[in-house]
Amino acid sequence: MSKKTVACLHQQKAYYLLTVKGNQPTLLNALKQVSEHQEPLDCEQREDRSHGRWVYRRVSVYEVTGQDWAESWPGLQRGLCVERWGYRERRPFAQTHYYISNLDADAATFLKGLQGHWSIENRLHWPKDVVLNEDRAPQRAANTAANYSTIRNFFITAARRFNLDSIAQAKRFFANRLDQVLLSLQ
1 MSKKTVACLH QQKAYYLLTV KGNQPTLLNA LKQVSEHQEP LDCEQREDRS
51 HGRWVYRRVS VYEVTGQDWA ESWPGLQRGL CVERWGYRER RPFAQTHYYI
101 SNLDADAATF LKGLQGHWSI ENRLHWPKDV VLNEDRAPQR AANTAANYST
151 IRNFFITAAR RFNLDSIAQA KRFFANRLDQ VLLSLQ
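Take the sequence shown: its letter number 50 is residue 50 in my numbering, and every next letter is one higher.
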């Protein structure tokens, strides 16, 4: 997200919580330094065991007002270091992500907001992008892409309504039952 957009959000008195990625190397390195050398204001850690995963999440919140580099991000108050580690399908993983925010909140509040975002990403965008190959769909003309996206959303909603565990299972289930699906969604 650009500094111009952040300035607009701040001017409108809106809160922001933004992921800092490699395309902002100065900001990313500054947040890494803060998390390595500064004591956090607050930390929150949670454990999640579900769907064959064992995941720990830790959010550490840092004061960043007054830092030279923070001045160019309007309203910036907090830097976050979010660590996730655990096992997925018995394979270990570890990830660290950094965020900035103009919200003066505790780690539990930030973690709740981030988990809400991840939930949307995992329940809707990931199945559409990865499983249903939406990003590689050939439909591009006029409203075709939007129409196909609506059909994919319908399919995912129907699969959840029938308590199906996967897209593959849903494809098999719906193959010859479209009339039942349409009746159940009324």
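Virtual Cβ for every residue (Gly too), placed ideally from N, Cα, C.
Predicted, not measured: the structure shown is a model, and the values here were computed from it.
- DSSP, reduced to helix, strand and coil, places G113 within a helical segment of the structure shown.
- Under the three-pair Cβ rule at 8 angstroms, the segment 70 to 83 does not count as touching the segment 141 to 153.
- Shortest Cα-Cα distance from S35 to any of W54, L183, K4, Y62 involves Y62.
- Collapsing the DSSP output to three states places D104 in coil.
- The C-alpha of G52 lies about 44 angstroms from the C-alpha of Q11.
- Nearest to T19 by alpha-carbon distance, out of F174, S101, N163, is S101.
- Linking P92 to A30 through their CA atoms gives a straight-line distance of about 28 angstroms.
- Taking the CA atoms as reference points, L111 sits about 40 angstroms from Q180.
- Going by C-alpha positions, L183 is about 10 angstroms away from R177.
- When rounded, the separation of the alpha-carbon atoms in S166 and F155 is 11 angstroms.
- Classified as exposed, S2 has fewer than 16 neighbouring CB atoms from the shown chains inside 10 Å of its CB.
- A distance of 8 angstroms or more separates the beta carbons of C43 and V64.
- Rounded to whole angstroms, the separation of the alpha carbons of Q45 and Q67 is 26 angstroms.
- If you look at L17, you'll find it in the beta strand (DSSP E) that goes 17 to 20.
- Note on G75: 16 or more other CB atoms within 10 angstroms of its CB, so buried under the neighbour-count rule.
- Beyond the five residues adjoining it in sequence on each side, A108 comes within less than 6 angstroms, by CB distance, of E44 in the same chain, given in chain order.
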